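Novice:
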Amino acid sequence: MAAKRDYYEILGVTKDADAAAIKSAYKKQAIKFHPDKNPGDKGAEEKFKEAAEAYGVLSDQTKKAQYDRFGHAGMNGGGGFGGSGGGGAQGFSNFEDIFSSFGDIFGGGGGGGRQQRRSGPPRGSDLQIQLTLTLKEIATGVTKKIQLKRHGKCKTCDGAGGTGKQTCATCAGQGQVRRVQNSFFGQVVNVTTCPDCNGQGQQIKTPCKDCHGQGRVQEEVMIPIEIPAGVEEGQYLTMRGEGHRGPNGGGAGDLIVVLHEAKDAHFERHGLDLHSEAVIPFTTAALGGTIRVPTLDGEVELKIPAGTPSEKLMRLRGKGLPELHGGVEGHLYVKVRVHVPEKLGKREEELLKELQALTDEAAKKGSDKGTGKSKMFFCL
Ligand SMILES: [Zn+2]
Ligand SMILES: [Zn+2]
């Protein structure tokens with residue numbers, strides 16, 4: 003697939019364009035490249051779909067925010083995500099949605115092809131779930147099996163809703179109902195899709211007993227959700243077609259998986275880096291030594307150099323989190339805290355007193371030698 007164009011560029015708006023500007027820019031594009039105006043022109047059709055996809059994202063506050071932060075990479079959780087729906091199919095379900103929500107911007111009635119697209123059975127609604135991951139799962143990526151309750155295809159009638167067809171009585175087979183409304187601008191004829199046949203103009207003669215003609219029933223399914231390594235709090239994945247199935251054979255909505263990060267007992271996350279703390283005895287700080295510290299993939303040894311001051315940050319290269327979609331890896335920073343014992347054993351006290359005497363002597367000698375620091379000390 004060729005590199006995707008920037009959604010703002012497609013619609014010809016700037017990043018700070020408001021909802022109204024985005025909508026009007028999309029209308030312009032949609033009218034210009036509409037298939038009915040450009041019959042058989044593949045280029046125009048592509049542009050039309052491209053604009054629809056861009057509008058699908060930029061008109062949805064959550065999706066827009068995601069796109070602004072992560073670009074195309076953020077849109078479906080990264081490359082191979084998004085269930086079975088490839089680029090084309092995905093563009094099309096968006097396009098139908100937007101088309102129907104725009105109602106009559108192309109001037110209601112007329113144009114057979116257009117009418118059919120507009121009057122298809124509605125797509126099912128999206129499902130949203132929240133998923134909390136541990137830092138360890140975020141570091142490696144993980145596949146989670148999730149139990150979902152949703153509207154699925156009725157198995158008894160294979161989604162057909164029943165057998166036989168008859169003309170819809172509500173719309174007399176037109177698929178649309180017209181209503182005259184009084185508005186601020188005067189009388190407006192409002193044409194909407196017939197609610198009883200969902201624009202099909204026909205109804206099922208003998209509805210299926212299990213789904214009452216809807217073609218869908220409640221189902222409980224287990225879905226594996228593959229989460230790539232390096233995700234962050236608040237990011238989400240879109241699994242195309244894993245949401246509710248629409249009534250009367252309408253397509254399925256999407257499953258939106260919102261990701262959360264569980265609090266960790268050891269580590270605090272700062273972007274790709276992790277921060278933790280380790281307490282070391284003051285003798286180790288002075289003499290140097292090796293301690294064991296936890297990382298996301300088990301304990302490792304950390305060398306403490308002699309003369310390590312308290313609060314010193316030690317870095318464990320590459321022991322942080324990977325960047326989403328690979329490449330860069332963060333580090334683990336361990337803040338070393340020097341522990342001073344509150345109570346001393348007899349022998350410890352003796353040794354420390356001896357040490358104190360030595361330190362005092364060294365300080366005096368130091369002052370005789372005249373190193374800048376100790377001189378200052380004694381002057382004060
Ligand atoms: Zn009808
Ligand atoms: Zn059924």
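Here my numbering runs 2 ahead of the position in the sequence shown, where the first position is 1.
Glycine is no exception: its CB is placed at the ideal position from the N, C-alpha and C atoms.
Please read all numbers here as calculations on a predicted model, not as lab measurements.
Rounded to whole angstroms, what's the CA-CA distance from Gly81 to Ala308? Just pull it up for me.
Specialist: Low per-residue confidence applies at Gly81: pLDDT is 34, beneath 50, and the placement is therefore not dependable, though the value from the model is reported in the following sentence. Distance between the alpha carbons of Gly81 and Ala308: 48 Å.
Novice: Expressed to the nearest angstrom, what Euclidean distance is found between the alpha-carbon atoms of Asp2 and Cys173?
Specialist: Residue 2 is absent from the model: the chain starts at 3 and stops at 382.
Novice: Could you check which residue in Gly329, Thr285 and Pro209 has the C-alpha nearest to that of Gly350?
Specialist: The displayed chain sequence assigns Glu, not Gly, to residue 350. Looking at the Cα atoms, Thr285 is the closest of the given residues.
Novice: Less than 8 Å between the CB atoms is what I'm expecting for Ser127 and Gly245, so what's the real figure, rounded?
Specialist: 6 Å
Novice: For a test of your reading of the model: does the CB of Asp160 fall under 7 Å from any non-hydrogen atom of ligand 1? Yes or no.
Specialist: No; taking the cut-off as 7 Å, the Cβ of Asp160 has no heavy atom of ligand 1 nearer than that.
Novice: Output the boundary residues of the alpha helix (DSSP H) element that contains Asp70.
Specialist: Gln63 to Phe72
Novice: Please confirm whether any heavy atom of ligand 1 lies closer than 7 Å to the CB of Asp43.
Specialist: no
Novice: Would Gly177 and Gln205 be called neighbours here (beta carbons separated by less than 8 Å)?
Specialist: no
Novice: Could you name the residues, in chain order, whose CB is less than 5 Å away from a heavy atom belonging to ligand 1?
Specialist: Cys170, Thr172, Cys173, Cys196, Asp198 and Cys199
Novice: Going by Cα to Cα distance, which pick from Ala171, Cys196, Gly188 and Gly163 is closest to Arg180?
Specialist: Cys196
Novice: Just the C-alpha distance for Glu68 and Glu234, rounded to the nearest angstrom, thanks.
Specialist: In the sequence as presented, Glu is not what sits at residue 68; that position holds Gln. Answer to the nearest angstrom: the Cα atoms are 12 Å apart.
Novice: Who are the Cβ neighbours of Leu137 in its own chain at under 8 Å, not counting the five residues just before and after it?
Specialist: Glu263, Ala264, Asp266, Phe269, Arg271, Leu276, Leu298 and Leu323
Novice: Return the chain-ordered list of same chain residues with a C-beta closer than 6 Å to the C-beta of Phe94, the five sequence neighbours on each side being excluded.
Specialist: Because Phe94 sits at a pLDDT of 31, beneath the cut-off of 50, its placement in the model cannot be relied upon, and the point is left open.
Novice: Are the CB atoms of Thr158 and Cys210 nearer to each other than 8 Å?
Specialist: yes
Novice: Return yes when the C-beta of Gly217 is under 7 Å from any heavy atom of ligand 4, and no when it is not.
Specialist: For the structure depicted, ligand 4 is absent and the ligand set comprises only ligand 1 and ligand 2.
Novice: Going by DSSP, what residues sit across from Ser185 in a beta bridge?
Specialist: Beta-bridge partners of Ser185 (DSSP): Gly188.
Novice: CB-CB under 6 Å to Cys213, same chain, minus the five flanking residues each way: which ones, in chain order?
Specialist: Cys156 and Val219
Novice: Assign Ser312 to one of three DSSP states: helix, strand, or coil.
Specialist: coil
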